[in-house]
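Novice:
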Amino acid sequence: MSLLRVEGLTVALPPGGDRPHAVEDVSFHVDAGEILCIVGESGSGKSISANAVMGLLPKGLPVRSGAIGFEGRDLLSLAPEAMRKLRGERLAMIFQEPMTALNPLMRVGDQIGEVLRVHGSGADAARRVPELLAAVNLPDPAAIARSHPFRLSGGQRQRVMIAMALALEPALLIADEPTTALDVTTQMQILRLIREIQSRRGMGVLFITHDFGVVAEIADRVAVMQRGRIVEQGPASEVLNRPQHPYTRALIAAVPHGAAEARATIATAPVLELRGVEKTYRRGGFFGARAVVRAVHDADFTLRRGETLGLVGESGSGKSTLARCVVKLVEPEQGTIAYHGTDLRPLSRAAWKPYRRRIQMVFQDPYASLNPRRTVGDTIAEGPVTHGEPRSKALERARELLRLVQLDPGAMNRYPHEFSGGQRQRIGIARALAMEPELLIADEPVSALDVSVQAQVLALLAEIRARLGLTMLFITHDLRVAAQICDRVAVMQRGAIVEQGPTSEVFAAPQHAYTRQLLDSIPGRGWTPPEL
Amino acid sequence: MEASKLPGFLLRRGVKAAIVVLAIVICNFLLVHAAPGDPASVIAGQSGAADAVFLEQLRRQFGLDQPLYVQLWIYLKSVLSLDLGFSHRQQAPVAQLVLERLPATLLLTGAAFAFALAAGVTLGALAAQRVGRWADSVITVIALTFYATPLFWVGLMLVLIFSVWLEWLPSFGMSSVGVEMHGLEVVWDVAQHLLLPALTLGLFYLAVYARLTRATMLEVADQDFVKTARAKGVPEGRILRAHVLRNALLPVITFAGIQAGQLLGGSILVETVFAWPGIGRLAFEALLARDYPVLLGVFFCTSVMVVLFNLLTDMLYAIIDPRVEVAG
Numbered sequence: 002m003s004l005l006r007v008e009g010l011t012v013a014l015p016p017g018g019d020r021p022h023a024v025e026d027v028s029f030h031v032d033a034g035e036i037l038c039i040v041g042e043s044g045s046g047k048s049i050s051a052n053a054v055m056g057l058l059p060k061g062l063p064v065r066s067g068a069i070g071f072e073g074r075d076l077l078s079l080a081p082e083a084m085r086k087l088r089g090e091r092l093a094m095i096f097q098e099p100m101t102a103l104n105p106l107m108r109v110g111d112q113i114g115e116v117l118r119v120h121g122s123g124a125d126a127a128r129r130v131p132e133l134l135a136a137v138n139l140p141d142p143a144a145i146a147r148s149h150p151f152r153l154s155g156g157q158r159q160r161v162m163i164a165m166a167l168a169l170e171p172a173l174l175i176a177d178e179p180t181t182a183l184d185v186t187t188q189m190q191i192l193r194l195i196r197e198i199q200s201r202r203g204m205g206v207l208f209i210t211h212d213f214g215v216v217a218e219i220a221d222r223v224a225v226m227q228r229g230r231i232v233e234q235g236p237a238s239e240v241l242n243r244p245q246h247p248y249t250r251a252l253i254a255a256v257p258h259g260a261a262e263a264r265a266t267i268a269t270a271p272v273l274e275l276r277g278v279e280k281t282y283r284r285g286g287f288f289g290a291r292a293v294v295r296a297v298h299d300a301d302f303t304l305r306r307g308e309t310l311g312l313v314g315e316s317g318s319g320k321s322t323l324a325r326c327v328v329k330l331v332e333p334e335q336g337t338i339a340y341h342g343t344d345l346r347p348l349s350r351a352a353w354k355p356y357r358r359r360i361q362m363v364f365q366d367p368y369a370s371l372n373p374r375r376t377v378g379d380t381i382a383e384g385p386v387t388h389g390e391p392r393s394k395a396l397e398r399a400r401e402l403l404r405l406v407q408l409d410p411g412a413m414n415r416y417p418h419e420f421s422g423g424q425r426q427r428i429g430i431a432r433a434l435a436m437e438p439e440l441l442i443a444d445e446p447v448s449a450l451d452v453s454v455q456a457q458v459l460a461l462l463a464e465i466r467a468r469l470g471l472t473m474l475f476i477t478h479d480l481r482v483a484a485q486i487c488d489r490v491a492v493m494q495r496g497a498i499v500e501q502g503p504t505s506e507v508f509a510a511p512q513h514a515y516t517r518q519l520l521d522s523i524p525g526r527g528w529t530p531p532e533l
Numbered sequence: 014m015e016a017s018k019l020p021g022f023l024l025r026r027g028v029k030a031a032i033v034v035l036a037i038v039i040c041n042f043l044l045v046h047a048a049p050g051d052p053a054s055v056i057a058g059q060s061g062a063a064d065a066v067f068l069e070q071l072r073r074q075f076g077l078d079q080p081l082y083v084q085l086w087i088y089l090k091s092v093l094s095l096d097l098g099f100s101h102r103q104q105a106p107v108a109q110l111v112l113e114r115l116p117a118t119l120l121l122t123g124a125a126f127a128f129a130l131a132a133g134v135t136l137g138a139l140a141a142q143r144v145g146r147w148a149d150s151v152i153t154v155i156a157l158t159f160y161a162t163p164l165f166w167v168g169l170m171l172v173l174i175f176s177v178w179l180e181w182l183p184s185f186g187m188s189s190v191g192v193e194m195h196g197l198e199v200v201w202d203v204a205q206h207l208l209l210p211a212l213t214l215g216l217f218y219l220a221v222y223a224r225l226t227r228a229t230m231l232e233v234a235d236q237d238f239v240k241t242a243r244a245k246g247v248p249e250g251r252i253l254r255a256h257v258l259r260n261a262l263l264p265v266i267t268f269a270g271i272q273a274g275q276l277l278g279g280s281i282l283v284e285t286v287f288a289w290p291g292i293g294r295l296a297f298e299a300l301l302a303r304d305y306p307v308l309l310g311v312f313f314c315t316s317v318m319v320v321l322f323n324l325l326t327d328m329l330y331a332i333i334d335p336r337v338e339v340a341g
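Listed in order, the protein sequences are those of chains A and B. Residues in the first sequence are numbered consecutively from 2, following the numbering used here. Residues in the second sequence are numbered consecutively from 14, following the numbering used here.
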């Protein structure tokens, strides 16, 4: 008999949504000792399914029909108190955001101890907490137990979450995108940890993810969800290598494959040359203690006309700071930022203005980077109008640009909230292009997007770049994306570029240990997506 | 906060606080002297002998004939040696006058503060827990009423109800006159006198704390770590206390720190309405009498209190929220 058996689960959405049910007629099962991955894009209902199992659905999302059987009991008919007792004891869950999933005011050890205490084994807490922390490979468990969450890194916090989930040796672990917010190297460590613990204890794991690479890394079986329904389900090797449903095939086709093809060397004139740029953040002073962070140093690079250079690295590596130095959003203390031979660094705001037109930026967050109170047309036309272009002409051009980024020109008079994430990112690109820039700096432009949308935006960028002859500085943490779009890559670690070269060479024969580590951490490296 | 950092923190903040107090002292002095009329003319007017020679003599006696910067310098020197001057009107040292009145004000404002904070947070937490239900609406209406009603009017109404109609509580002063009392009787007597003014002073802040607590609790209740606690199987009551309320109190503490300082100043009105013998009334009387040294003494005292409360708040914050680094 299965450990968990969900049958015909239907959860309603509040009226007025884009569909009547968050999940509809969903059936799946998890056996002891196996990992079931539920894959889908945002809004597909995968998290709702997981929360329904935990009895943690928000009030606005009632279960309409179906059954959830767990260890022979029907969870949907359990009283709230009985369900509470199961949570943490037999069913445990870990979440996507390790940064916010722990109470910031409570010591880590107390938070783990709380699970034991509320389930009646508080007496063991002093002994069990360090054991649990050691079991998730955290160094110095006693010191970690005394720390508050803000002292720990994202990876460490996710380990704490896992330790907490495992405290009472639950039969089923539900992991809702547990590695999405983590850097690739940390992601790989956490995936290995989950896999190892799962096989050691024979737990069942329900693993929610949007990333087929992660699926390839960890899943025994896969269920693919689209718009609230499971469209395909089967053993991992079957679904990954011989997908049947058109949606699964489309998703897998959109996965960046991580293999970089050799590209022609570009030997045009340099557009941008950075030499000896340094940015150091200092905190404190006057009376307080000083803290010094070298955000950027030893990060020289040359960007040639028509070339796309990828700056890759993990969070905190300084890649965004370096890009922001180029457009003077961050002011470096030292070095030269030569744009066609002119050093931009010492220029005043006024002297900078002519260059603003020629260097434009696309930002990561398509939700935060557009002013919600301005129409799309005004947003796109604003730059040219500030630079003295007549309004009517700027608006006319905005219409053309919307066509270029494959949006309907009718979008001109609408507001950003009416668009999806991918559409907003297109608007962001159109806004940058309105200035007719020569150099486009794209700071993680696709990392907030679903994989199918990501593939579309990347294709759009590649096409625009070819059509307009743009030079591009492309910042990303995702090596698979870099492989797909960049001619050359520069790998950053702790503020310095540790390796750079043609993408195919760096991927095929990485020189620096850190580059090798990054490449080895790409999830699903052993899986080559089938040609579809 | 780590305990080892505390002495350094206190030293740095102490130096800054001293600079702030000095600046306030200078500002107060200049402001008071910018006001029209001086003590000499008030005394001369009251004594009925307002000829120019007498006025000049008085001014010389008080040092009012000196240039302003000299007066300021003299004043600063004496303040630095903790000598707040001498009140010629009351024929007593200012420090003594202020210190006599300070305990009454501290008692009143302390009681009002404790009441406002305790009742406000409780009501706010209750409202948040029952959001959208009738209890929430009732608490919201009560809070908004107190928030919108002027202090003195609330005071007068309380007196009307509890002293005049019901005759339960005394309406003015700090203790009963002409009655001999001992030990606990005195405490009980003062407590009865304290109730109405403390309520009056506290009701407005109660409303503020109730609203603030309700809003932040609702905000915190949506955060991920609350969901984590639920997934751990923590009972609802404990989630509310250990996870939601504790985090929701941080902004309340910030606000309480600001208001602890304001309470001293805000008590002038209430002390006047209830004839409470505190420094608020002392300041009011001194202002009418142009008694500069007393006025400046009261200002000095309250500014020191405000700075002290700020320092306390910051320390409290650093203890409760481990993320706060105690920076100078």
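Even for Gly, the Cβ is constructed at its ideal location relative to N, Cα and C.
Are the CB atoms of P511 of chain A and T266 of chain A within a distance shorter than 8 Å?
Specialist: Within the first sequence, the letter at position 265 stands for residue 266 of chain A. Within the first sequence, the letter at position 510 stands for residue 511 of chain A. Against a cut-off of 8 Å, the Cβ pair of P511 of chain A and T266 of chain A comes out as no contact.
Novice: Pull up the CB-CB distance for G235 of chain A and Q190 of chain A, whole angstroms please, since I reckon it's below 8 Å.
Specialist: Residue numbering aside, residue 235 of chain A sits at position 234 when the first sequence is read from its first letter. Residue numbering aside, residue 190 of chain A sits at position 189 when the first sequence is read from its first letter. In this structure G235 of chain A does not touch Q190 of chain A by the C-beta definition: roughly 28 Å separates them, more than the 8 Å allowed.
Novice: Which residue or residues does DSSP assign as beta-bridge partners of D1 of chain A?
Specialist: Absent from the model: residue 1 of chain A. The displayed extent of chain A is 2 to 533, so no value can be given.
Novice: With a CB to CB cut of under 7 Å and the five nearest residues on each side skipped, what residues in its chain are close to G423 of chain A?
Specialist: Along the first sequence, one-based indexing puts residue 423 of chain A at 422. So the list reads L450, V454, Q457 and V458, once near-sequence residues are dropped.
Novice: Determine, using beta-carbon pairs with one atom in the region 80-100 of chain A and one in the region 174-188 of chain A, whether at least three such pairs fall under 8 Å.
Specialist: yes
Novice: Where does F288 of chain A sit, in a helix, a strand or coil, going by DSSP?
Specialist: Here the question's residue 288 of chain A lines up with position 287 in the first sequence. Confidence is the limiting factor: at F288 of chain A the pLDDT is only 49, short of 50, which leaves the residue's position unreliable, though a coordinate-based value still follows. Three-state DSSP puts F288 of chain A in coil, outside helix and strand.
Novice: Quick one: which residues of the region 217-236 of chain B get their C-beta closer than 7 Å to a C-beta of chain A? List them in chain order.
Specialist: Under the 7 Å Cβ criterion, the region 217-236 of chain B contributes Q236.
Novice: Please specify which runs of the beta strand (DSSP E), each continuous and at least 3 residues long, are wholly inside the region 392-447 of chain A, giving them in chain order.
Specialist: 440-444
Novice: Can you name the residues of chain A whose CB is closer than 7 Å to the CB of D334 of chain B?
Specialist: Position 321 of the second sequence, counting from 1, holds the residue named residue 334 of chain B. Neighbours of D334 of chain B across chain A, judged by C-beta separation under 7 Å: L106.
Novice: With distances taken from CA atoms, which of A:A23, A:M204, A:G307 and A:Q245 is nearest S50 of chain A?
Specialist: The sequence position of residue 50 of chain A within the first sequence is 49, counting from 1. Among A:A23, A:M204, A:G307 and A:Q245, the Cα nearest to that of S50 of chain A belongs to A:A23.
Novice: To test your reading of the DSSP string, which unbroken beta strand (DSSP E) runs of 3 or more residues are found completely within the region 451-527 of chain A?
Specialist: 472-477, 489-494 and 497-503
Novice: Just to confirm, does T266 of chain A get its C-beta within under 7 Å of one of the non-hydrogen atoms of the ligand PLP?
Specialist: Ligands displayed in this structure: none; no statement on the ligand PLP is therefore possible.
Novice: What is the rounded straight-line gap between the Cα of G44 of chain A and the Cα of G229 of chain A?
Specialist: As a position in the first sequence, residue 44 of chain A is number 43, starting the count at 1. As a position in the first sequence, residue 229 of chain A is number 228, starting the count at 1. When rounded, the distance between both Cα atoms is 8 Å.
Novice: Using beta carbons (cut-off 8 Å, strictly below), is E401 of chain A in contact with chain B?
Specialist: Taking the first sequence and counting its residues from 1, one reaches residue 401 of chain A at position 400. Not closer than 8 Å to any Cβ of chain B, the Cβ of E401 of chain A fails to qualify, so no.
Novice: Please classify L462 of chain A as buried or exposed, where buried requires at least 16 neighbouring CB atoms within 10 angstroms.
Specialist: Counting from 1 along the first sequence, the entry for residue 462 of chain A is found at position 461. Around the beta carbon of L462 of chain A, 16 or more other beta carbons lie within 10 angstroms, which makes this residue buried.
Novice: By Cβ distance below 8 Å, which residues in the same chain neighbour V92 of chain B in space, the five residues on each side in sequence not counted?
Specialist: As a working mapping, residue 92 of chain B is identified with position 79 in the second sequence. Contacts found: V38 and F313.
Novice: Which residues, in chain order, does the region 242-263 of chain B contribute to contact with chain A at a C-beta distance below 9 Å?
Specialist: A242, R243, A244, K245, G246, V247, P248, E249, R251, A255, H256, R259, N260 and L263
Novice: Using Cβ-Cβ distances below 8 Å, what residues of the region 267-287 of chain B are close to chain A?
Specialist: none
Novice: Taking the alpha carbon of L330 of chain A as the point to measure from, which residue in A:L345, A:G317, A:R147 and A:E437 has its own alpha carbon closest?
Specialist: Position 329 of the first sequence, counted from the start, is the residue given in the question as residue 330 of chain A. Checking every option, the nearest Cα to that of L330 of chain A belongs to A:L345.
Novice: In terms of residues, what are the limits of the beta strand (DSSP E) holding G9 of chain A?
Specialist: By one-based count along the first sequence, residue 9 of chain A stands at place 8. Note, G9 of chain A: beta strand (DSSP E), L5 to A13.
Novice: Since F208 of chain A contacts I219 of chain A with CB under 8 Å, what's their CB separation in whole angstroms?
Specialist: The residue given as residue 208 of chain A occupies position 207 in the first sequence. The residue given as residue 219 of chain A occupies position 218 in the first sequence. That belief holds up - the Cβ atoms of F208 of chain A and I219 of chain A are roughly 6 Å apart, short of 8 Å.
Novice: Once DSSP output is grouped into helix, strand and coil, what is the label at T562 of chain A?
Specialist: Look at the range of chain A in this structure, 2 to 533, and you will see that residue 562 of chain A is not part of it.
Novice: Give the range of the alpha helix (DSSP H) segment to which G378 of chain A is assigned.
Specialist: Here residue 378 of chain A corresponds to residue number 377 of the first sequence, with the count starting at 1. Start and end: V377 to T387.
Novice: What residue range is occupied by the uninterrupted beta strand (DSSP E) comprising G205 of chain A?
Specialist: By 1-based counting over the first sequence, the position of residue 205 of chain A is 204. Looking at the DSSP string, the run of the beta strand (DSSP E) that includes G205 of chain A is G205 to T210.
Novice: Could you tell me if Y218 of chain B is buried or exposed, where buried requires 16 or more neighbouring beta carbons within 10 angstroms of its beta carbon?
Specialist: Along the second sequence, read from residue 1 onward, the residue named residue 218 of chain B stands at position 205. Classification of Y218 of chain B: buried, given that the 10 Å Cβ count is 16 or more.
Novice: Closest by CA to L170 of chain B, which one among B:R102, B:D334 and B:L216?
Specialist: In the second sequence, residue 170 of chain B corresponds to position 157, counting from 1. In the sequence as displayed, the identity of residue 170 of chain B is Met instead of Leu. Cα-wise, what sits closest to M170 of chain B is B:L216.
Novice: Under the rule that 16 or more other beta-carbon atoms within 10 Å means buried, what is I32 of chain B, buried or exposed?
Specialist: Here residue 32 of chain B refers to the residue found at position 19 when the second sequence is read from its first residue. Classification of I32 of chain B: exposed, given that the 10 Å Cβ count is below 16.
Novice: Would you mind reading off the limits of the alpha helix (DSSP H) that contains F29 of chain A?
Specialist: Position 28 of the first sequence holds residue 29 of chain A. No alpha helix (DSSP H) contains F29 of chain A, which is instead part of the beta strand (DSSP E) from H22 to V31.
Novice: For L275 of chain A, list the residues DSSP reports as bridge partners.
Specialist: Your numbering for residue 275 of chain A matches position 274 in the first sequence. Note: L275 of chain A sits in a beta bridge opposite A:F302 and A:I338.
Novice: Do you know whose CA, among A:D32, A:E42, A:R6 and A:T516, lies nearest F213 of chain A's CA?
Specialist: The residue labelled residue 213 of chain A in the question sits at position 212 within the first sequence. Closest option to F213 of chain A, Cα to Cα, is A:E42.
Novice: With 8 Å as the threshold, decide whether the Cβ of K240 of chain B is near any Cβ in chain A.
Specialist: Looking up residue 240 of chain B in the second sequence gives position 227. It does; some Cβ of chain A falls within 8 Å.
Novice: Under the rule that 16 or more other beta-carbon atoms within 10 Å means buried, what is D442 of chain A, buried or exposed?
Specialist: For this step, residue 442 of chain A is matched to residue 441 along the first sequence. The residue you asked about is not Asp; residue 442 of chain A is Ile in the sequence shown. Buried.
Novice: Would you mind reading off the limits of the alpha helix (DSSP H) that contains M187 of chain B?
Specialist: The sequence position of residue 187 of chain B within the second sequence is 174, counting from 1. For M187 of chain B, there is no enclosing alpha helix (DSSP H), as DSSP marks it with neither H nor E.
Novice: Let me make sure I understand the geometry here. Which of B:W86, B:S100 and B:V134 has the alpha-carbon closest to that of R227 of chain B?
Specialist: Counting from one through the second sequence, the residue named residue 227 of chain B turns up at place 214. For the residues B:W86, B:S100 and B:V134, the minimum Cα distance to R227 of chain B belongs to B:V134.
Novice: From R294 of chain B to A47 of chain B, what does the alpha carbon distance come to, in whole angstroms?
Specialist: Sequence index remark: in the second sequence, residue 294 of chain B carries index 281 (1-based). Sequence index remark: in the second sequence, residue 47 of chain B carries index 34 (1-based). Note on geometry: alpha-carbon atoms of R294 of chain B and A47 of chain B lie some 22 Å from one another.
Novice: Cβ of A497 of chain A within 8 Å of Cβ of H298 of chain A?
Specialist: Here residue 497 of chain A corresponds to residue number 496 of the first sequence, with the count starting at 1. Here residue 298 of chain A corresponds to residue number 297 of the first sequence, with the count starting at 1. In this structure, the beta-carbon distance from A497 of chain A to H298 of chain A falls below 8 Å.
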